[in-house]
Each structure stands twice: as structure tokens, then as C-alpha cells.
Ligand SMILES: Nc1ncnc2c1ncn2[C@@H]1O[C@H](COP(=O)(O)OP(=O)(O)OP(=O)(O)O)[C@@H](O)[C@H]1O
Ligand SMILES: [Mg+2]
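Chains as they are written, first to last, in this note's numbering: chain V, 1 to 352; chain C, 1001 to 1676.
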């Protein structure tokens, strides 16, 4: 009698040992993502809230768009954050990847000058500075358009991104459109090499270095400038106005944006009050989710999270000076989600 | 060790200066590089230090920002504020990590690495703490967050700041040590540079000395040589080492000196041979005339002796004394004739060695005991054509001279060998001809011959001896010359002399005289081959005349009285070309004989000999062009001249111009030898 009792206890223990990991696994899934530092504050906040509500933990590490896409194409993560869609280096993944726009931000020019004056820049001047043609803050070209402020007699130290970055991509795309010199010498690149100046990792790195070094200049997402209390350059848009980057001016820029065949990264303001270097940021996932031994639940969780991010999640961006997706873009994003499959079956159908 | 004199002066100078410039450049470049390196190192140290300190400060700064941000979060209840402070935290962490990795790159010291490792672990630790605190705060568990902040976050921050300070302090210390080391090294290299400069300076001086010496020395030699040459001294010794320009100059000078020397020698030889030639002619001429005079003296003496024989013993004795003196004089003359090569050679194939050994036997007895004669004869010596008698005379003269040069005694060495003589300036020194020779060498250990008289000793009558004639070597010279050879003399005052006699293996007997000359000289002795009839009752006179005429080449027939004379004449009346007729004779006197001869031949020349009374001759040369009267005692010379004259005029009279053939004289002996 007792023997049978003990036996049943042992059996149940063994069963417990066998099934426990499965139970645990089923309980909380941890999604991992890597990539752009551009939307990093937004994602950190949004995913924090998502975990609170849905108990799904999401790890996102800001390593730069390039690193993120690389990790995704090697199929070791669930999703990648990126600010660019098409780029040399990842052609084989073009059709396997699906890009979902998550929010809109702005690339701003930050600098370290005493008293944080608001310096005006034309695209040509930015190009000249980053190409090393203008090396001093009291350069006549800069002075010419900044008559209202006193520019210090300081050399300019340029700070660039060290890693492959969507921010750089957007920034160079903008400069290529407006500066002949930039187009010829650099073009649209996700990394700037062979140019003078210092380099730093990620948006925080650039912000940190600029914060530290007086006379330096760099480019980051708007929120990094605001959080670190760094002055932002007023940049001339197509209408010839110098626009201060802010949620308002970004929204103005997005207002005139109409989607063509595919989404582009850079959003050029048509509105005369629009900030000229606004852009989308994306989350890239693999079209077919049954890779690397992933189970259905995981894929479902991913799509569920993404669906939330382009819907309810949008609210968390506004607080961080990002701009939410307009409704038409939200629709585009949803359509993109529909294409995600698990063993050929669209996943979005599983989610209410 | 390579001989730099093999390189040309240009190359030498080029290489020398090249090396100098290269060395100087090398030193300068080395020094500059070293200084550059040292300065770079020093500034590197300073820069590294500055950068490390700057990064350490950045870390400090970043930590400060973090602290500030966390502080702000804790004090704020607005989520908007939290978000921004979160971003500040991100930025600060990026700064922290960036600075730390930069320091890590610069750090090479163990202690520094330890500090960096601690900073790294602390960084991760602090990140975790920040997340914990912010999460606690976001979840509104403010008290717990604050507690966490105070009890673990603050100390960590403090720890980091302390480490940063440590890093800076250590950095300062380490770099000062490194700076000191670098400075020490810098000084050291400065010192090395100084030594190097000194070395290159010494090296330059050394090179310069070698170069100048290598150029100067041969030039000085050349100057010396040129001076010597200009003073006429051709004995130049030069050591020519390289084939550079001065070397080639020296070589050229040496060649020049040799050429000059040779030319001088040739000139000397030419002069010598010409001198000897002239002397020879002179001596020959004198000897000939002398000889004739001697024969006249002798002939007359004999006549006197004949005439006086019957009554005067005294006259006889005096005549004998004259005859002896004449004999001695004719000995001299004979030697002179040998020197002037007027002695005919009787050539035969002979081995010189044999002649020497034969003479040697005789000499051994003759030569004093204090003198030793050594023979060293080459057994392979070929036979040559020589006049053995004359060769003996050569050897004898040489040996006699050798003995006379050694009054205290010594050794005479005689040796023979064969030698190939190559004369390369055969055009000038006509007395030497290339070819095979046999060489007879006579060496003595005597007084030697002074250089100043070496070219004189072969002249006739040159002597340094009280009783010497000075003819010994001139005879040797004449004989050797006639054999086509030459003489080489090696002698040094006080050490002895060697005479080398070169006799050509091939016949090269020099025809010293031209044919005409020979005929001329022979003509004086061999005057004709005509047949002469001598009719003379005095036996002595008859023989004297006969002897003379036969030596002069004529054929003579004698008759001792007139009757016999007619008899002989009639027998050979067509062959007889001339008749010598004594006036007073028994049986039939000269007048009758003459008449008889004229009866048979009108054209025949007749010489009437008459004593004290020529009026006894009834005929006169005025009537008969073919007769003359010669009064006794007459000189044989005059008689022979008259004979020739008569013969020649009778030819002219009888046969017209002289026929070439009659002028060819067939008989050889040409020396009128009184003694023989
Ligand atoms: N072997 C010799 N050593 C030294 N001097 C010599 C020798 N042979 C010749 N001479 C020198 O050469 C000179 C000429 O020699 P040469 O034989 O012609 O005459 P001589 O010996 O003096 O007289 P002669 O031969 O009639 O006795 C000599 O007087 C002597 O000075
Ligand atoms: Mg002598």
C-alpha cells in the first residue's frame, strides 16, 4: 500500500521533472530584438508597458541598424530595429524581410557651444562641415546666415557614427538630395568613412561625445538632444525656412507625405513649416517565422506585439517627442503584418 | 685587402667623396631620426597621459551625469521627466563605455589594466542597479528605490569616482617614470650620436689621407724618375702597384726609360763597332805598308848579308840583329792584320771543347801553381766552322789576360754552352745577329776592369800594363768578328771579369773586305801569274828574286848563266812573258843574251840588272821600249813594281787593252810572310 503510494509519488516527480521546462517555456516567452538606437527610448518605454500588460518580456538592445539587420539575417533574434530599408550588404534578405514602420522621428544636428545658441544651417553648410570644408565656427558662410548670434572662434570637431546606422543613412540621404558635393564625394551611406572627425557608437555615444567636447557637432534623434539638453540646429527646408526640430515641425512634415509604392525612410517636408529631416523607423522581421526551431507560439507573440506597437503602443512615442504613425501608414503597417506567416499560414488571422 | 691603386683616380675620388657624403648623411639622418623618435616618444607619452586623464575625467563626468539623472528620477513623479532622464542615463552609459574602451586601448600597464577591469565590472553592476532603481521607482515603490539608491548605488558611484582618481594619479606617476626613461634614452642617443659623428670624422680623415697618399706617392715617384731621366740616368727603379692613372704614368715612364736606355746602348754599340772598324782599317793599312817596308828592310839586309858575307863577320852579326828585329816587328804586324781581319781564315769543322782540352794540357804546365783552371764544358756542344789556330789564339790571349789580372793567384774558369740569342734591335746594333751561338766563357777572379775603360780594352795598343802591347784583346776581337761572332764582357772592379765569346753555329764568316778591296790588297802582294825567266849567276840574289816573285804569284824559271839562259828561253820562248837578266855573267854576258832574245822576240820585256857599272850595257831603253836597266842593289819593292809596269806596258803594246780574265788571280795566300 505504502509502496504504491511512494511509487506514485516518484512517478509524479519524474513527470514533473520532464514537463516542468515545457511548462515554464509556455508560461513567459521572451522576445529579443536588436538594432537602431534611433527609436531606442520609444521601444524601451513601449516594451516596458507591453510587458506589464501582457507578461511577454521583450529585450531590445540598441546596437545600430546595421548590427540589428545582420543579427536578424543570421536568424538569431526575433526582430530588428532599423531606420533604413534598402541597403547594400543585405540583398539576399530583401524578399525574406518585412519592414513594419513603427514611428516617425527626426535627425537633428546637435552641437556644443556655450550658451546653447540656436545656429541655422543650410544643407550645403552641413555637407561642408561634415566633409571638412568648413572647419571653424566663425566661418564666413556660417556667419552669413547667423547674423543674429555671435559664433565663437572655435574649431569644429565633427562627431560621426562609428557603426552602420540608419540615422547616418537618413542624414546622408538628406545631404545627397541637397548638396552636389556630398552626392559626389559620399552619396547615401549607412556609415561614413574617410572623413575627418571623431566617431562614437550609437545615438547615445554621439550625444555623449558632443556633450563632452566643446565646439563639436553631430547628428542624433531629436529625443537625445532634448534629454541631454543639447542645442539643435535650425535647418533650412525646401521652402527656404530654417526650422527648429520639434514634434510640431515633424508633424507638419508628415502631413504632406504621401506614400508611393513602398515606404521610404526620409520624409521631406512639403509644408513650409515642416522639418526637413524627418523619417520613419521600422521593425524588420522575417516573412516566414518558422525558422531556427521557433514554435508557433513565439511567432504569434511577435505578431501580437507588433500589432500592439502600431496600434495602442503609438501613444508612448509622443511623450518622447516621436510622432505617431498617421492612420494611412498604420494601415500600410497592418498590411505588412498580414504577410508574416508560420509554415505558410498568415499569422495575423490567429490574433483577435 | 684590395689594392686601391687598381681603381682609377676618378673612381677613387668619387667613391671617397661618395662614402664621405654618405657617412655624413647617414649620421645626420640617424641623428634627426633619433631626435624625431625621441621627441615623438616624449610627446606620445604626454599625449597618452593627457588622453588617459581626459578619458578618466569623462568617466567621472559620465558617472556624475548618471548620478544626476538617477537623482532626478527619484525626485520626480512625472513620467515625462523619467523618460528624458532615462535617455540621459543611456547617453552617460555610452560615454562611460566609450571612454573605458578608449582607455583600455591606451593602457599597457598591469596596474592600469586592473583598475580598468574593476571599472568595467562596476559599470555592468551599476547599470543593473540603475535598472532596478528605476523599475522600483516606476512601480511607485519610492522608499525601496531610495533605499537601494543610498545603500548600494551611491557607494558604487563613490567607488567608481575613487577608481578614476586612482587612475589619474597612477597615470601621472607612471607617465612621469616613462617620461624620465624616455629622457634618459634621448640623452643616451645624443651621446651615441656624438660618438658616431666623431667616428665618421675620423673615418673621413683616414679616407682623405689614404686617398691623397695613394695619388701623391706615385706622382712623387714619377717626378723623381723624370728628374733622373733628364739627368741621363736611365737606371730607374719603380714599384708600380696599381693600374690607375699614376700607375699608368709610371709604367709609361718606365717604358720610356727602357727605350732610352736601349737606344743609348745601341748608339754606344754602333759607335763602338764603327770605331773598331775605323781602327781596323787604319791598323790594316799601316800593317800592310809596314809589312812591305819590313820586307824591304829584310830583303836589303839579306842582300847586304850576301854581299858582305865573304869578308865581314861583324856586318853579318848586325844583319842578323836587324833580321831578328824585323821578325819581331812582323809579329806585331801580323797581329795587327789579324785585328783588321786581313788574315785569311782556314776554316774547318771543329769541336771547341776539343780545342780547349788540348790547349788546357799545355796550359797546365805553363800557368803558375797559384792559379787553378777549372773546365766546365757542355758535352752537347755542336761542331762549328772555325779557324782552330786562330781560335787557340783567342783562348790563349784570354787566359793570359786572366792570369795577368790575378797576380796573387786565383781561379780561371772556362766553360762552354749553347745559347739562343735574340736581338730585338737588330737594325741598329749591326754587330749582333739573332740566332744560335756557342759560347766560350773565360772567368777570372782578378782585379776586374773599370767601367770607364771597358769600351777601350779591345782597341789595339790599349794597355794598362807596363810591358803590355795592348794587342791581345784586339786580336781576339778581330778573330771573333771575322767568325761572325761577338764578345760580351761582365766585369766589376776588384771582383774579376768574364769574357763571353759568341761564335755562331751557322757559318757567318764576315767578308770584311769587298771583292775589289780584296783584289786591291792582294794585288799588292800577288801581282801577277805571268812566267818570268830569271837569268842570274849569283845564287843568293837569284833565289831572293825568285822567292819574291813566286810569293807575288809569278811563275819563275831560273838560269844560272847566259848560255843556259838562252837555252831555257828558246825552249819556252812563247810562254815567257818577261826576262830578268844580269849584266855580268860567266860564259855569256848579258848583252849577248839580250841580243839573242831580241832575235827571237822583240816584244818581250827585259829587265837588265846591273852592278856598279851600267855603262857596260850596250843597249839603252831609249832604243828599245821593252827594256829597262835596274841598278843593284835595288829594293825588291822597286823591282816588283818595275816588273809589273813592264808587263802591263807590253800588254798595251802587244795585245791592246787589258783583258778582264787576266786580272783574275787564282792563288789564295795573300799575306807576305817574312817569317814563314
Ligand atoms: N782578364 C782581365 N782582367 C783585368 N784586366 C784585363 C783583363 N783582360 C784585359 N784586361 C785589360 O785590358 C787591357 C788590354 O788587354 P790586351 O790583352 O789587349 O793587352 P795587354 O794584356 O795589356 O798586353 P799584351 O796582351 O800584349 O800582353 C789590359 O791592359 C788590361 O788592362
Ligand atoms: Mg794581353
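All residues carry an ideal CB built from backbone N, CA and C; glycine is no exception.
(request) Any chance you could list the alpha helix (DSSP H) runs of at least 4 consecutive residues sitting entirely within the segment 203-251 of chain V, in chain order? (result) 222-227
(request) Name, please, each residue of chain C whose Cβ falls closer than 8 Å to the Cβ of residue 202 (chain V). (result) 1094
(request) Report the rounded CA-to-CA distance for residue 1092 (chain C) versus residue 196 (chain V), giving the unit in angstroms. (result) 24 Å
(request) Can you grab the Cα-Cα spacing for the pair residue 1088 (chain C) / residue 73 (chain V), in whole Å? (result) 31 Å
(message) Please identify the residue among C:1324, C:1463, C:1217, C:1599 whose C-alpha is closest to the C-alpha of residue 1450 (chain C).
(response) C:1463
(message) Spatial neighbours of residue 1543 (chain C) within its chain, please: C-beta separation below 7 Å, excluding the five flanking residues on both sides.
(response) none
(message) Using C-beta distances below 8 Å, list every residue in its chain close to residue 171 (chain V), excluding the 5 sequence neighbours before and after it, in chain order.
(response) 107, 219, 277
(message) For chain V, check one thing: does any of its Cβ atoms lie closer than 7 Å to the Cβ of residue 1083 (chain C)?
(response) yes
(message) Taking 6 Å as the cut-off, is the C-beta of residue 944 (chain C) nearer than that to any heavy atom in ligand 1?
(response) With chain C represented from 1001 up to 1676, any question about residue 944 (chain C) goes unanswered, as that position is not in the structure.
(message) With a threshold of 7 Å between beta carbons, is residue 210 (chain V) in contact with chain C?
(response) no
(request) Would you decide whether residue 1324 (chain C) is buried or exposed? Buried here means 16 or more other CB atoms lie within 10 Å of its CB. (result) exposed
(request) My understanding is that residue 334 (chain V) touches residue 310 (chain V), with C-beta atoms under 8 Å, so please give their C-beta distance in whole angstroms. (result) 7 Å
(message) Judging by CA-CA distance, which residue of V:181, V:238, V:58 is the nearest neighbour of residue 133 (chain V)?
(response) V:181
(message) Less than 7 Å between CB atoms is the rule here; does residue 1098 (chain C) satisfy it with respect to chain V?
(response) yes
(message) Using beta carbons (cut-off 7 Å, strictly below), is residue 284 (chain V) in contact with chain C?
(response) no
(request) Quick one: residues in its chain with C-beta nearer than 7 Å to the C-beta of residue 1011 (chain C), no 5 flanking neighbours on either side, listed in chain order? (result) none
(message) Against residue 1072 (chain C), what residues of chain V qualify as contacts under a CB-to-CB distance less than 7 Å, listed in chain order?
(response) Going along chain V, no residue has its Cβ under 7 Å from residue 1072 (chain C), so there is no contact; the nearest lies around 11 Å.
(message) I need the boundaries of the alpha helix (DSSP H) containing residue 1068 (chain C), first residue and last residue.
(response) 1009-1075
(request) Write down the C-beta distance between residue 78 (chain V) and residue 302 (chain V) rounded to the nearest angstrom, noting that I regard them as a contact closer than 8 Å. (result) 5 Å
(message) Give me the residue from V:137, V:53, V:54, V:83 with the minimum Cα distance to residue 35 (chain V).
(response) V:83
(request) State the start and end residues of the unbroken alpha helix (DSSP H) segment that holds residue 328 (chain V). (result) 327-338
(request) Using the Cα positions of residue 1395 (chain C) and residue 1433 (chain C), report the straight-line distance between them to the nearest angstrom. (result) 23 Å
(request) For my contact list, residue 127 (chain V) and residue 66 (chain V) are in at a C-beta cut-off of 8 Å; report their separation, rounded to the angstrom. (result) About 22 Å separates the two Cβ atoms, so there is no contact after all.
(request) Compute the Euclidean distance between the alpha carbons of residue 1552 (chain C) and residue 1605 (chain C), then round it to the nearest angstrom. (result) 18 Å
(request) Run the proximity test for residue 1405 (chain C): is its beta-carbon closer than 6 Å to any non-hydrogen atom belonging to ligand 1? (result) yes
(request) Leaving aside the five residues before and after residue 1009 (chain C) along the sequence, list all residues of the same chain whose C-beta is less than 8 Å from its C-beta, in chain order. (result) 1215, 1244, 1245, 1246
(message) If I measure Cβ to Cβ from residue 199 (chain V) and keep anything under 8 Å in the same chain, skipping five residues before and after, which residues do I get?
(response) 159, 160, 161, 162
(request) With residue 1631 (chain C) as the anchor, note down where its beta strand (DSSP E) starts and where it stops. (result) 1627-1631
(message) Any beta carbon from chain V within less than 7 Å of residue 1051 (chain C)'s own beta carbon?
(response) no
(message) Against chain C, with Cβ distances strictly below 7 Å, would residue 112 (chain V) count as a contact?
(response) no
(request) For the beta strand (DSSP E) holding residue 1458 (chain C), just list the boundary residues, first then last. (result) Residue 1458 (chain C) -> no beta strand (DSSP E), and no H or E assigned at all.
(message) Is there a C-beta anywhere in chain V that falls below 7 Å from the one on residue 1121 (chain C)?
(response) no
(message) Just to confirm my understanding: we take residue 1018 (chain C), look at its own chain, exclude 5 residues before and 5 after, and list those with CB closer than 6 Å. What are they?
(response) none
(request) Out of C:1483, C:1459, C:1466, state which residue places its alpha-carbon closest to the alpha-carbon of residue 1472 (chain C). (result) C:1459
(request) Could you say if the segment 203-215 of chain V and the segment 105-120 of chain V meet the contact criterion of at least three C-beta pairs nearer than 8 Å? (result) yes
(message) Please state the DSSP three-state secondary structure of residue 1470 (chain C).
(response) coil
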